[in-house]
Each structure stands twice: as C-alpha cells, then as structure tokens.
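> Residues 1 to 356, numbered by our numbering, are exactly what the sequence shown covers, in order. C-beta atoms are modelled at their ideal positions from N, C-alpha and C, and glycine is treated no differently.
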Amino acid sequence: MTGPEFIFMLTRADRTVPDAMDRLAEGLACGLRHIGFKDLGLPLADLHRLASAVRGGGGTLYLEVVSLDAASEAASARAAAELGVDFLLGGTRPDLVLPILRGSGIRYYPFAGRIAGHPSRLEGSPGDILESAQRLCDRDGVHGIDLLAYRSAGDVPGLIEAVCAGVDKPVIVAGSIDCPSRIAAALQGGAAAFTIGTAALDGVFPAASPALAVQIAAIRAAAVAAMIPAARKPIIDKVNLAQAFASFSDHWNPRIAGELGDFQVKLAKLKGRFQWHHHEREDELFLVIEGRLRMGFRDRTVDLGPGEFIIVPRGVEHLPEALTEECHVMLLEPSTTLNTGNVENERTRRELDRIA
Ligand code: NI
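What follows is the structure, encoded as structure tokens:
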C-alpha cells in the first residue's frame, strides 16, 4: 500500500449488502479503487461477480473474514484464494489459514486480539491486543494486522497508536469508523489504511448529504485533513482572543494561535520581567490585548496599553515587562523566532503548544 488508503467496504453490520454490485459501481465512479466485502451476506457466485467487477475497474480487492468458527474461517480463506482477492483481512486462525493461502500471493492481515460476537467485538486489554499483534507479525505469511479498534472498549486512539508503534508491519483499522475524528485517530495513530462500510452506505458520515458520492467525498476529505501535520494545519475558523487567553494560564509560554506564510500569530501571558535578549534575524511585533506592557531598550523604555503595538527590529536588545499583575499580548513574528532570542535558558520554549 502507498500512503493511507480508504478501503470502501460493501458491507453493513459485518455482512456484504444485497445491492453491493450497484454500490460498487457508484464507488468506482467516485474514483475509489480499494474495495472490500465480507464472507457473509452474499453467495459465492455473487462474490465472484463483484470480484471481477472490482478487477475490471482497476481496483484492489479485500475480503474480510468475520466468521467465528474454524470451518467457516477455512472456507473463507479458500474463497479468498478462489476469488483471487489481493488482501485477506480478519480471521483469528493463522495456523488454519496460512497453509490455504500459501503460494496464492494474497496478503494476509488477521485480527489482533480476541474477537467475539457478531458484529465482531475486540476484547482484552490494550497490552493483550498489542502482544497478539506482535505474535502475529512474527509469522511468515502475515503481512499486517487488522485492528477492530472501534469495536473495543477504552482508549481507542491510544490502542491504535500502541499497536501501530509496536509492530513492524502495516495496520488496517477496521470497523465502526463513522466520523472524521475516528479517521484522524486511525491515520494519526499510524494506520496504513482504514475501512468504512456501514456509515457511508447508510449515509450517516457527517456530510452535506447522505448520498453515497457525497459521503465518499467527505470521507476522503477527512482522510486528507487527518494527514496534514497538526503544526501546519491552517486555522480556518475565527479566533476569539478572550477565549484563547482563557485556555491557558502560564506565563512567558507563547501559544500558536495562527499562521500566515512564514509568520506565526502567538498569544502570551506576561508577568513580571522577562530577560534581555535580541533576535538575530527576526523582527517581532507585540500587540497588547490586556494590561500594560513596558518594552525596555538599552537607551529608553516604551509603555503600551491595550490596542497598542510595537515592533522590535532584529538585532535590537529588548526586555519585555508586565506593568500590571498580568499582561496579555499577541505576537506576530517569523515562525523561526525563539522566545528568548539569542539567550537559551530555562525560559526557552522550542516547541510551542497551539491554541486548541
Ligand atoms: Ni524577543
């Protein structure tokens, strides 16, 4: 797989849908090329038709095994081989499945952890699930892990991150992904791919309309947004300064509130006196929002109140000082600007938090 993929599952509640053929045509028309279905819901003859339609559309084919008993799991693995799928996802019995897949070229991603019920649930502690994933990944013929993260109780983003970091093979997060935050948790946690079926087919993924094409567009947009590094994600909503300042309380620890070009808008609460410093290359703008600020220079001082700003040019030594109990300032400066400038000490902040 190259980059995180959205695998469109032609399934609802863990069964292949009766109108899978029509839905597949819609998905292909939207440009989707990673298509999955399950071993329950449709007769094998229909799955054959689906498989050749996916292949005919230039797609990659995934079969996810949800059958719980050994005989059904073996039958699904044989069906996967017969259908010539590219990926076999799920199942819990590598000892049974690996001999069937041998020589088929099918990439095998069994479920990590203990699976129960139908629709499937993922049981056990995060530690158990990780250990299971690692054991599976140690085996030849296992190419990755199918993680039913959102079918488990507890801290799901934490589980995804732990499993992705703890194994050296790709992880697909499957099951119950129905909103952008779940996609973000999967992709930011390190998943190679995620699957969505029910939410898109039922039209319940947050989007302008329940129509499948709109659902698919929203899912792709969410996946793209999730992959933009947080540090570079533009804030496209308004920023309310009062709310932003209320969201933190420490002093001399600027927060990033926005970015424009190579510049950052930072908010800081100042208390008492900072320290003398200068910035080798960066000019620095201080706009007072609340309280009073004294900007000390070697030859004079400038006092500022709310609604007043001052620009300190590069190379000029300065000493900011709050004249009131606390002073709230907005800074506009190149993103390379270090708060303590040429001086590095315990007040230096290299990694700035962002206003949420
Ligand atoms: Ni400075």
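Check for me: the alpha helix (DSSP H) holding glycine 27 runs from which residue to which?
Note, glycine 27: alpha helix (DSSP H), 20-29.
> Can you list the beta strand (DSSP E) stretches of 3 or more residues lying completely in the segment 56-99, in chain order?
DSSP runs (the beta strand (DSSP E)) wholly in the segment 56-99: 60-65, 87-90.
> Can you name the start and end residues of the beta strand (DSSP E) that proline 320 belongs to?
It spans 319-322 - the beta strand (DSSP E) in which proline 320 sits, taken as one unbroken run.
> Would alanine 25 be called buried (16 or more neighbouring beta carbons within 10 Å of its own) or exposed?
Exposed: under 16 other Cβ atoms inside 10 Å.
> Below 8 Å on the Cβ atoms is my guess for threonine 324 versus arginine 300; work out the distance and round it to an integer in Å.
Not quite, the Cβ-Cβ distance comes to about 20 Å (not below 8 Å), so this is no contact.
> I need the boundaries of the alpha helix (DSSP H) containing leucine 331, first residue and last residue.
Not the alpha helix (DSSP H): leucine 331 falls in the beta strand (DSSP E), residues 327-334.
> Assuming leucine 267 contacts arginine 255 under a Cβ cut-off of 8 Å, what Cβ separation, rounded to an integer in Å, is found between them?
The Cβ separation is near 5 Å, so the contact holds.
> Does aspartate 168 pass the burial test, meaning 16 or more other C-beta atoms within 10 Å, or should it be called exposed?
It is exposed - the Cβ of aspartate 168 has fewer than 16 other Cβ atoms within 10 Å.
> Using 8 Å as the threshold, is the segment 114-125 in touch with the segment 134-145, meaning 3 or more CB pairs across them?
The segment 114-125 is not in contact with the segment 134-145.
> Can you list, in chain order, the residues of its chain whose CB lies under 7 Å from that of glutamine 430, leaving out five sequence neighbours each side?
Nothing about residue 430 can be reported from this structure: the residues present for the chain run from 1 to 356 only.
> Taking 6 Å as the line, does the beta carbon of glycine 27 fall inside it for any heavy atom of the ligand NI?
Not under cutoff, so the answer is no.
> Closer than 6 Å: is that where the CB of glutamate 284 sits relative to any heavy atom of the ligand NI?
Result yes, Cβ under 6 Å from the ligand NI.
> Report the CB separation of valine 163 from leucine 130 in whole angstroms; it is logged as a contact under 8 Å.
Rounded, the Cβ-Cβ distance is 6 Å, consistent with contact.
> Going by beta carbon distance, what residues of the same chain come within less than 6 Å of proline 170, once the five residues before and after it are set aside?
Contacts found: Gly144, Ala192.
> Between isoleucine 35 and glycine 59, is the Cβ-Cβ spacing less than 7 Å?
It is a contact, given that the beta carbons lie within the stated cut-off.
> For the ligand NI, is there a heavy atom less than 6 Å away from the beta-carbon of glycine 341?
Checking every heavy atom of the ligand NI against the Cβ of glycine 341, one is found closer than 6 Å.
> Quick one: Cα of tryptophan 252 to Cα of arginine 347, how far?
Roughly 7 Å separates the two Cα atoms.
> For the alpha helix (DSSP H) that isoleucine 183 lies in, which residues bound it at each end?
First-last of the alpha helix (DSSP H) with isoleucine 183: 180-188.
> Would you mind sorting alanine 20 into buried or exposed? The rule is 16 or more other CB atoms within 10 Å of its CB.
By the neighbour-count rule (16 or more Cβ atoms within 10 Å), alanine 20 is buried.
> What would DSSP say about histidine 251, mapped onto helix, strand or coil?
Coil, per DSSP.
> For serine 52 and chain B, any beta-carbon pair shorter than 7 Å?
As a matter of chain content, chain B is missing from the structure shown, which is built from one protein chain.
> Do you know offhand how far cysteine 30's Cα is from leucine 212's?
Roughly 9 Å between the two C-alpha positions.
> Please state if the CB of isoleucine 228 and the CB of phenylalanine 6 are separated by a distance shorter than 7 Å.
Not closer than 7 Å, so no.
> In chain order, what residues of the same chain lie with their CB nearer than 6 Å to the CB of proline 210, ignoring the 5 residues before and after it?
Gly203.
> Below 8 Å on the Cβ atoms is my contact criterion, and I expect leucine 187 with alanine 223 to pass it. Report the Cβ-Cβ distance as a whole number of Å.
Sure, about 6 Å apart at Cβ, within 8 Å.
> Could you check if alanine 153 is buried or exposed, using at least 16 other CB atoms within 10 Å of its CB as the buried criterion?
Exposed, by the Cβ-count rule.
> Nearest to alanine 225 by alpha carbon, out of His118, Pro180, Gly190?
Comparing Cα-Cα distances from alanine 225 to each of His118, Pro180, Gly190, the minimum goes to Pro180.
> Can you check whether the CB of methionine 295 is closer than 7 Å to the CB of histidine 279?
It is not a contact, given that the beta carbons lie outside the stated cut-off.
> So what does DSSP say about methionine 1, is it helix, strand or coil?
Note that methionine 1 scores a pLDDT of 43, beneath 50, so its modelled location is shaky and nothing firm can be said.
> When you compare only the Cα positions, how much space is there between leucine 338 and leucine 101?
Their backbone Cα atoms lie some 56 Å apart in a straight line.
> Comparing alpha-carbon positions, which option in Gly272, Phe274, Gln264, Glu290 lies nearest glutamate 282?
If we check each option's Cα against that of glutamate 282, Gln264 comes out closest.
> Quick one, which of Ala13, Ala174, Leu32 has its alpha-carbon nearest tyrosine 109's?
Cα-wise, what sits closest to tyrosine 109 is Ala174.
> What do you reckon, are the CB atoms on leucine 89 and glutamate 64 nearer than 7 Å?
Yes, Cβ-Cβ distance for leucine 89 and glutamate 64 is below 7 Å.
> How long is the line joining the alpha carbons of valine 97 and glutamate 73, rounded to whole angstroms?
Computed Cα separation, rounded: 8 Å.
> So what does DSSP say about isoleucine 219, is it helix, strand or coil?
Residue state, collapsed to three classes: helix.
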